[in-house]
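Only one structure is covered here, and it is reproduced in the block below.
In the working numbering, the protein residues as written are 23 to 150.
Quick look at the structure:
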């Protein structure tokens, strides 16, 4: 036996009802289907608007900055791994391991020497 859900009823002015009926026929859907979709769409849109209103301009700005940094990190990672793959695949098997170990050690050394004292302290605290 099908489970019945609560019913919602409303009234429309005659011109609106005619438009609604025409719309349903054009979509090839029942009035119930169209009304259900319209209500869900409205609730989703309104919920988004309320969330946007609750966010302060600073929160919105920080969120945009966070998204921008994340996309830049992804682009950087793709570039680095593409370059690494290119070098790894074009090198002789006997020299790959040694060269990549040297490059890694050199990169770590260079990054550590570029850190300011407070950045170095933070790195040590976080265990990076």
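Every residue gets a Cβ at the ideal spot worked out from N, C-alpha and C, and that includes glycine. In this text the structure is predicted, and so the values were computed from the model without any measurement.
Query	Result
Can you tell which of 29, 126, 44 has its C-alpha closest to the C-alpha of residue 36?	44
So what's residue 51 in DSSP terms, helix, strand or just coil?	coil
Which runs of the alpha helix (DSSP H), 4 residues or longer, sit entirely within the segment 57-122?	79-112
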